[in-house]
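In what follows, a structure is listed as structure tokens, so that the remarks can point back to it.
Chains as they are written, first to last, in my numbering: chain Z, 1 to 115; chain P, 1 to 113.
Laid out in structure tokens, this is it:
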């Protein structure tokens, strides 16, 4: 069974540039999550979807960050006008359904450096 | 406010020793506590988990001890191996309300051969 696939693995931007990260979850997993992991910190939830619907995006910096999952499968996280503080690894995860007790399966992450 | 706290940023043990990683939490509603293991360049992966109705969960060399009254838990890695060198994240979530999985800041374990 294929795991969660993310691309690109690395991105280096200058401040003010935009970047999009793509995620392909495990087949059959209806819940998809985007986490931000700054260096030497734990993952912090940005947004999550059940199928194509956004369930919680309260921690997504909405002025510059956006995320979509139009067909309930793949997802894209976009950062516009990047700032140095956005430097982090962006992790995508999926689970068979949402709720406490569900195992999250993470991709390898997309590492972003903003200079 | 850190809802899930891991007291040690790093821990070094010798091969064969028992590594003990500690974690505490603030929210009494948390009832599910997984530990995730992360190697450099990889995403976190579930290692072992416990629910608040239990005080101990064992899986091979890995054991979680849970103290609901004190709101803390620990991960014991028996007979540590160099291959166990990784960062370990304690996490927590609640069945009711927002189920969101909250991660601690991680403990980087190094097992010296």
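For glycine and all other residues, C-beta sits at the position ideal for the given N, C-alpha and C. All values reported here derive from a predicted model rather than from experimental measurement.
Legend entry - Coarse secondary structure for residue 59 of chain Z, derived from DSSP in three states: Within the first chain, the letter at position 59 stands for residue 59 of chain Z. Note: residue 59 of chain Z maps to coil in three-state DSSP.
Inset, instruction - For residue 88 of chain P, return the contacting residues in chain Z, with the cut-off set at a CB-CB distance below 9 Å. - result: Locating residue 88 of chain P in the second chain gives position 88, where the first residue counts as 1. Near residue 88 of chain P there are no residues of chain Z at all, since even the closest Cβ is about 10 Å away, more than 9 Å.
Inset, instruction - Go ahead and pull the three-state DSSP assignment for residue 31 of chain P. - result: Start at 1 with the first residue of the second chain, and residue 31 of chain P comes out as number 31. Coil, per DSSP.
Legend entry - Nearest-angstrom Cα separation, counted from residue 22 of chain P out to residue 69 of chain P: As a working mapping, residue 69 of chain P is identified with position 69 in the second chain. As a working mapping, residue 22 of chain P is identified with position 22 in the second chain. Taking the straight line from one Cα to the other gives about 15 Å.
Inset, instruction - Taking residue 88 of chain Z as part of the beta strand (DSSP E), name the residues at either end of that continuous run. - result: Translated into positions along the first chain, residue 88 of chain Z becomes position 88. Note, residue 88 of chain Z: beta strand (DSSP E), 88–95.
Legend entry - Nearest-angstrom beta carbon gap, residue 11 of chain P and residue 107 of chain P [assumed within contact, 8 Å]: In the second chain, the residue the question calls residue 107 of chain P occupies position 107. In the second chain, the residue the question calls residue 11 of chain P occupies position 11. Right, their Cβ atoms sit about 6 Å apart.
Legend entry - Other residues of its chain near residue 115 of chain Z: CB distance less than 8 Å, five sequence neighbours each side excluded: As a position in the first chain, residue 115 of chain Z is number 115, starting the count at 1. For residue 115 of chain Z, where only same-chain residues beyond five positions count, the Cβ hits under 8 Å are 12, 13, 14, 15 and 84.
Inset, instruction - Please confirm whether residue 4 of chain P and residue 94 of chain P have their CB atoms less than 8 Å apart. - result: Stepping through the second chain from its first residue, residue 4 of chain P is reached at position 4. Stepping through the second chain from its first residue, residue 94 of chain P is reached at position 94. In this structure, residue 94 of chain P does not lie closer than 8 Å to residue 4 of chain P by Cβ.
Legend entry - Chain-ordered neighbours of residue 28 of chain Z on chain P, where CB pairs are closer than 7 Å: By 1-based counting over the first chain, the position of residue 28 of chain Z is 28. Ordered by position in chain P, no residue passes the 7 Å Cβ test against residue 28 of chain Z, which lies about 18 Å from the chain.
Legend entry - chain Z contacts made by the region 29–51 of chain P, where a contact means CB separation under 9 Å: 30, 31, 32, 34, 36, 38, 41, 42, 43, 44, 45, 46, 49 and 51
Inset, instruction - Go ahead and pull the three-state DSSP assignment for residue 84 of chain P. - result: By 1-based counting over the second chain, the position of residue 84 of chain P is 84. Here residue 84 of chain P sits in helix by DSSP.
Legend entry - Chain-ordered residues of the region 10–25 of chain P with a beta carbon less than 9 Å from chain Z: none
Inset, instruction - Find the nearest neighbour of residue 60 of chain P within the set P:112, P:54 and P:18, judged by alpha-carbon distance. - result: Counting from 1 along the second chain, the entry for residue 60 of chain P is found at position 60. The option with the nearest alpha carbon to residue 60 of chain P is P:18.
Inset, instruction - Please report the residue range of the beta strand (DSSP E) in which residue 36 of chain Z lies. - result: One-based indexing of the first chain puts residue 36 of chain Z at position 36. Residue 36 of chain Z -> beta strand (DSSP E) spans 31–37.
Legend entry - Sub-8 Å separation of residue 110 of chain Z and residue 90 of chain Z beta-carbons: Working through the first chain from its first residue, we reach residue 110 of chain Z at position 110. Working through the first chain from its first residue, we reach residue 90 of chain Z at position 90. Yes.
Legend entry - residue 10 of chain Z burial status per 10 Å Cβ neighbour count (16 or more: buried): Here residue 10 of chain Z corresponds to residue number 10 of the first chain, with the count starting at 1. Counting Cβ neighbours within 10 Å, residue 10 of chain Z comes out exposed, since fewer than 16 surround it.
Legend entry - Which of helix, strand or coil DSSP assigns to residue 84 of chain Z: Numbered from its first residue, the first chain carries residue 84 of chain Z at position 84. Correct three-state label for residue 84 of chain Z: helix.
Legend entry - Beta-ladder partner(s) of residue 59 of chain P, from DSSP: Looking up residue 59 of chain P in the second chain gives position 59. Answer is P:62.
Legend entry - Minimum C-alpha distance to residue 41 of chain Z - residue among Z:47, Z:60, Z:87 and Z:77: As a first step, residue 41 of chain Z is located in the first chain; it is residue number 41 there, counting from the start. When only C-alpha atoms are compared, the closest one is Z:87.
Inset, instruction - Please check if any C-beta of chain Z sits within less than 8 Å of the C-beta of residue 60 of chain P. - result: Position 60 of the second chain, counted from the start, is the residue given in the question as residue 60 of chain P. So, not an interface residue.
Inset, instruction - Answer yes or no: does any C-beta atom of chain P fall closer than 8 Å to that of residue 101 of chain Z? - result: Taking the first chain and counting its residues from 1, one reaches residue 101 of chain Z at position 101. For residue 101 of chain Z, the answer is yes, since a Cβ of chain P falls inside 8 Å of its Cβ.
Legend entry - Cβ-Cβ distance between residue 24 of chain P and residue 71 of chain P below 8 Å: Taking the second chain and counting its residues from 1, one reaches residue 24 of chain P at position 24. Taking the second chain and counting its residues from 1, one reaches residue 71 of chain P at position 71. Taking 8 Å as the Cβ cut-off, residue 24 of chain P and residue 71 of chain P qualify as a contacting pair.
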